[in-house]
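Residue 252 in our numbering sits at position 12 of the sequence shown, and the numbers go up by one each step.
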Amino acid sequence: MLKKIFEVLGADKVFLSAVILAGGSGSRFGGDRPKQFAEINGKPVILHTLLAFEECPDVSEIIIVCREGEEELYEALCKRNGITKFACAVKGGETRQQSSVRGFAKISDKANYVAFHDGARCLIRPEAVSAVLKEARFSRSCAIAAYPVTDTIKEKSSLDKVVSTLDRSKLAAAATPQIFYANVYRAAAFTAEKEGFAGTDDASLAEKYGFEVRLVDCGKDNIKITYPEDIIFAEAILKIREENKNV
């Protein structure tokens with residue numbers, strides 16, 4: 241009931257800045273070109289990602305965090321493909337966390353929410369972005385895309401011996417987008433930098449400093465392109481989506 245009231249009244253007017261993290265080296269992918277420029281159904285991986293955020297009505301602007309020297313390349317890619325929400329491209333940092341902070345530094349003064357998303361997680365749907373934003377707004381903190389863990393997960397020792405079996409009913413696999421109320425991210429990132437804390441994802445910062453993080457099941461098909469075979473999986477998922485559209 242509270243959520244319905246929240247949606248009808250609109251507790252705040254949303255300006256959502258999307259920070260797309262595309263500065264990784266893609267060493268596990270191999271080959272001569274970065275994985276974000278590998279093609280899926282004739283389009284670069286990164287373009288699939290950008291189009292999803294372009295098509296999401298809740299997204300106000302897009303900032304791309306990229307490798308040094310690629311800024312103009314991304315600007316041209318966006319112009320060529322009608323990415324009208326593109327604001328700028330900025331060089332990333334040495335770590336994922338530093339890259340997120342650099343992207344955050346470029347968001348509009350109007351932005352009250354910020355989404356961090358892996359550039360290689362190219363099958364995200366516009367409606368999934370909206371669903372995560374909805375939870376972030378309701379909590380006025382942070383919400384992230386995730387999906388239930390279905391495999392049995394073993395904790396191991398440094399000698400590769402099983403220590404224990406984790407209760408998978410209490411586990412979720414974190415994905416992106418990870419959407420923050422902007423002031424929550426600002427406070428968490430500032431404190432993390434001051435204390436030298438390095439998180440494994442953006443939400444780790446919110447967890448560390450006591451902010452609520454909500455999980456939104458966005459499905460296991462929200463895959464990240466990491467290995468060459470992931471291109472095949474992505475094409476298969478897109479084919480199934482297209483077929484289901486026509487049913």
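Cβ coordinates follow ideal geometry from the N, Cα and C atoms, glycine included. Because the structure is a prediction, the values reported are computed rather than measured.
- Counted as a single uninterrupted DSSP element, the stretch harbouring residue 437 is not any alpha helix (DSSP H), since DSSP gives it neither H nor E.
- Shown here, residue 382 sits in a strand according to DSSP, grouped into three states.
- For residue 472, the closest of 297, 306, 282 and 325 by C-alpha to C-alpha distance is 282.
- With respect to the 8 angstroms criterion, residue 256 and residue 355 are classified as neighbours on the basis of their beta carbons.
- The C-beta distance from residue 455 to residue 412 rounds to 5 angstroms, short enough to meet the 8 angstroms contact threshold.
- Residue environment analysis places residue 442 among the buried positions, since at least 16 neighbouring C-beta atoms fall within 10 angstroms of its C-beta.
- If you compare the alpha carbons of 298, 295, 280 and 345 with that of residue 304, the shortest gap goes to 345.
- Secondary structure at residue 394: strand, using DSSP grouped into helix, strand and coil.
- Put simply, the segment 335-345 touches the segment 424-439. At least three CB pairs are less than 8 angstroms apart.
- The closest CA to that of residue 448, considering only 392, 428 and 464, is found on 428.
- For residue 340, the uninterrupted alpha helix (DSSP H) segment begins and ends at 336-344.
- Straight across, the Cα-Cα distance linking residue 328 with residue 422 is about 18 angstroms.
- Leaving aside the five residues that flank residue 360 on each side, the residues in its chain whose CB is nearer than 8 angstroms to its CB run, in chain order, 262, 264, 266, 275, 276, 285, 286, 289, 464, 465 and 466.
- Taking C-beta atoms under 8 angstroms as the contact rule, residue 293 and residue 302 qualify, at a distance of about 6 angstroms.
- For the pair residue 458 and residue 368, the CB atoms are nearer than the 8 angstroms cut-off.
- For residue 454, the three-state secondary structure derived from DSSP is strand.
- With contacts defined as CB atoms closer than 8 angstroms, residue 259 and residue 333 fail to qualify as a contacting pair.
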